[in-house]
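Have a look at the structure below before the remarks.
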Amino acid sequence: MSRTKIFYFTTDSKIGGTERMILALLEGLDRNKYEPFLCAIKPGGALLPEAEKLGVKAVTLNAGSRTDLPALCGIIPMLRKEKPGILHTFLFHANIAGRIAGRMCGVPVIISSQRSVDKWRKPWHSALDKWTSGLCNLIISNSEAGRKALIEREKIDPARVITIHNGINAEKFAAAACGADAGAARKAFGFAPGDTVLGIIANLRAVKGHKFLLKAFQNVRRTTPDVRLKLLVVGEGKLEGELKDLADKLGVSNDTVFAGFRDEIPRVLAAIDIFVLPSLWEGFPVSVIEAMASGKPVIASRAGGIPEAVVEGETGLLVPPGDVPALEKAIEALAGSPELAKKMGEAGRKKAGSEFGIEKMISKTEGVYERLTGNRDKH
19 MSRTKIFYFT TDSKIGGTER MILALLEGLD RNKYEPFLCA IKPGGALLPE
69 AEKLGVKAVT LNAGSRTDLP ALCGIIPMLR KEKPGILHTF LFHANIAGRI
119 AGRMCGVPVI ISSQRSVDKW RKPWHSALDK WTSGLCNLII SNSEAGRKAL
169 IEREKIDPAR VITIHNGINA EKFAAAACGA DAGAARKAFG FAPGDTVLGI
219 IANLRAVKGH KFLLKAFQNV RRTTPDVRLK LLVVGEGKLE GELKDLADKL
269 GVSNDTVFAG FRDEIPRVLA AIDIFVLPSL WEGFPVSVIE AMASGKPVIA
319 SRAGGIPEAV VEGETGLLVP PGDVPALEKA IEALAGSPEL AKKMGEAGRK
369 KAGSEFGIEK MISKTEGVYE RLTGNRDKH
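Pasting the structure below:
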């Protein structure tokens, strides 16, 4: 029985939400049907070694930047050598380069992924995306918000854009949060049993809203002196030094832990009480559904696909992007009411388990592969 080779092509090798979903897809893919291969434009992150642990051949173009044209051209001989039946691309630069190279090399099926509403885009980004979108067979968005953004902004045929929400191993997160290791996880980060721990898991980029969280954290500590509030920041990125300086300036550095990159996310989530993600824009952040699966209430921006996961007043609280006073109010509401926080966390755990399981994401994605290759009855 022949297997269909799938060439996964992404921009970055540092692990964030998109990269975690790629790894989940690689791990759950039916290897009797498919042979995955992974290529990243930029080197230096943990994505490729993690993929290799799953038995997947993983390489990089060693590009100095996302727009390193000579390096990007390296995908052409790679595609000609590997001869994939499917090219599945992730993130803007890999989408553009992959579509063009894929058509040049005669790849039968090209699929792109839309991971965010991408409000950072300039008109030329949208024009380039719209022009090259005609080179791919289908675009998979991880949120309805992202799908609508493509249709409305770039006038892409709605029939050529579908939504498949991110999925996670919900049972793994729930087990870690409820297990005996939860107390040990808190202790490992230096938190005491009576502390109320806010947590954010995100790459240290301006769009993720860390500065808003630090400012809100400073003010809530002042307005709720009876709550021993702490903050756990997990992630890496160029803003690390700037954020640490801001924490010093705001006088919250002693109560803030910058933990850097962590690969054991269930254990990280076991250490916190309330998950916060005050992004300026988003797609469908995997960190939010991971927090929900861990039984944590979520405070997040009403941005992108977040409201597709977080139900206002039921599984968490939503605030306008960039609104520090609203963020403060939400933190005060949950930090000051452990009963409400627990109720929302439990509702989130149930929703994540029933709607955002990894099996559902993989099944829907494999269904797309089978439909586009005509292999539904051939394996």
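Residue numbers for the sequence shown follow my numbering, beginning at 19 and rising by one.
Beta carbons are placed, not taken as given, at the ideal position from N, Cα and C, and that holds for glycine.
Give the DSSP bridge partners of residue i, in chain order.
i, result
"cysteine 57", "Phe27 and Val77"
"glutamate 330", "Gly334"
"phenylalanine 207", "DSSP output for phenylalanine 207 lists no bridge partner at all."
"threonine 85", "Answer is none; threonine 85 lacks a bridge partner."
"lysine 248", "Val215"
"alanine 318", "Leu295 and Leu336"
"histidine 106", "Tyr26 and Ile129"
"leucine 156", "Ile129"
"alanine 180", "The displayed chain sequence assigns isoleucine, not alanine, to residue 180. In DSSP, isoleucine 180 forms a bridge with Ile158."
"threonine 274", "Leu249"
"serine 134", "Gly301"
"glycine 375", "Ile186"
When you compare only the Cα positions, how much space is there between residue i and residue j?
i, j, result
"phenylalanine 209", "valine 286", "12 Å"
"leucine 295", "glycine 227", "7 Å"
"serine 83", "aspartate 30", "10 Å"
"leucine 232", "valine 245", "16 Å"
"glycine 371", "isoleucine 307", "9 Å"
"tyrosine 387", "isoleucine 180", "13 Å"
"valine 304", "leucine 66", "19 Å"
"glutamate 332", "glycine 366", "8 Å"
"glycine 152", "glycine 385", "21 Å"
"histidine 183", "alanine 321", "15 Å"
"phenylalanine 374", "proline 61", "30 Å"
"threonine 22", "serine 131", "19 Å"
"serine 319", "leucine 168", "21 Å"
"arginine 394", "alanine 177", "Here arginine 394 scores only 48 on pLDDT, less than 50, and its place in the model is too uncertain to base an answer on."
"lysine 229", "aspartate 341", "11 Å"
"valine 425", "serine 20", "Because residue 425 is not part of the residues shown, which for the chain are 19 to 397, the question remains open."
"leucine 56", "threonine 107", "10 Å"
"glycine 120", "proline 243", "58 Å"
"alanine 163", "alanine 195", "30 Å"
"lysine 396", "serine 381", "Note on lysine 396: pLDDT 46, under 50, position unreliable in the model; the coordinate value appears next. So the two alpha carbons sit approximately 17 Å from each other."
"glycine 259", "lysine 267", "12 Å"
"alanine 359", "lysine 369", "15 Å"
"aspartate 175", "lysine 205", "52 Å"
"isoleucine 40", "alanine 344", "34 Å"
"glycine 269", "leucine 257", "18 Å"
"arginine 98", "alanine 81", "19 Å"
"alanine 265", "leucine 87", "39 Å"
"tryptophan 142", "cysteine 91", "21 Å"
"aspartate 199", "proline 102", "43 Å"
Thinking C-alpha only, which one of the options is nearest residue i?
i, options, result
"leucine 390", "Leu358, Ile104 and Glu68", "Ile104"
"isoleucine 157", "Lys140, Val74, Ala195 and Phe110", "Phe110"
"arginine 38", "Glu384, Arg280 and Ala167", "Arg280"
"serine 271", "Gln236, Thr107, Phe293 and Gly301", "Gln236"
"isoleucine 292", "Gly301, Phe302 and Ala311", "Ala311"
"glycine 185", "Gly385, Glu384, Glu377 and Gly392", "Glu377"
"valine 125", "Met96, Ala193 and Val215", "Met96"
"lysine 140", "Phe191, Glu172, Ala119 and Arg165", "Glu172"
"glycine 63", "Ile33, Phe276, Asp175 and Pro315", "Ile33"
"phenylalanine 302", "Met379, Ala194, Glu170 and Trp142", "Met379"
"glutamate 100", "Pro88, Val77 and Glu68", "Val77"
"lysine 166", "Arg133, Thr36, Leu79 and Ala344", "Arg133"
"aspartate 189", "Val329, Ala309 and Glu330", "Strictly speaking, residue 189 in this sequence is glutamate, with aspartate absent from that position. The shortest Cα separation from glutamate 189 among Val329, Ala309 and Glu330 belongs to Ala309."
"valine 238", "Leu257, Asp273, Asn221 and Gly212", "Asp273"
"valine 329", "Ala353, Glu357, Leu264 and Lys361", "Lys361"
"glutamate 170", "Asn187, Ser144 and Ala193", "Ser144"
"leucine 216", "Ala353, Thr36, Thr383 and Tyr52", "Ala353"
Take residue i and list the residues in its own chain whose beta-carbon comes closer than 7 Å to its own, dropping the five residues that flank it on each side.
i, result
"alanine 112", "Phe27, Thr28, Thr29 and Ile59"
"methionine 122", "Ile94"
"proline 54", "Ile24, Tyr26, Leu44, Leu47 and Val74"
"isoleucine 219", "Val252, Gly253, Ile283, Val286 and Ser305"
"glycine 35", "Pro303, Val304 and Ser305"
Given residue i, which residues of its chain have a CB within under 6 Å of its CB, disregarding the five upstream and five downstream residues?
i, result
"leucine 335", "Ile317 and Ala348"
"alanine 327", "Val306 and Ile307"
"arginine 223", "Gly255"
Would you call the CB atoms of residue i and residue j closer than 8 Å?
i, j, result
"leucine 128", "asparagine 155", "In the sequence as presented, leucine is not what sits at residue 128; that position holds isoleucine. Against a cut-off of 8 Å, the Cβ pair of asparagine 155 and isoleucine 128 comes out as a contact."
"leucine 146", "isoleucine 114", "yes"
"glutamate 300", "glycine 278", "no"
"arginine 117", "threonine 85", "no"
"leucine 250", "alanine 288", "no"
"lysine 262", "threonine 214", "no"
"leucine 298", "proline 339", "yes"
"leucine 79", "alanine 69", "no"
"proline 315", "glycine 363", "yes"
"valine 275", "phenylalanine 207", "yes"
For residue i, collect the residues of the same chain with a Cβ closer than 8 Å to its Cβ; drop the 5 residues on either side in sequence, then sort them by chain order.
i, result
"threonine 241", "Glu346 and Glu350"
Can you tell me whether residue i sits near the ligand ADP, meaning its C-beta is under 7 Å from at least one heavy atom of the ligand?
i, result
"isoleucine 104", "The ligand content of the structure shown is nil, which means the ligand ADP is not present either."
Can you find a C-beta in chain D that's less than 8 Å from the C-beta of residue i?
i, result
"lysine 71", "No chain D appears in the structure shown, which is made up of a single protein chain."
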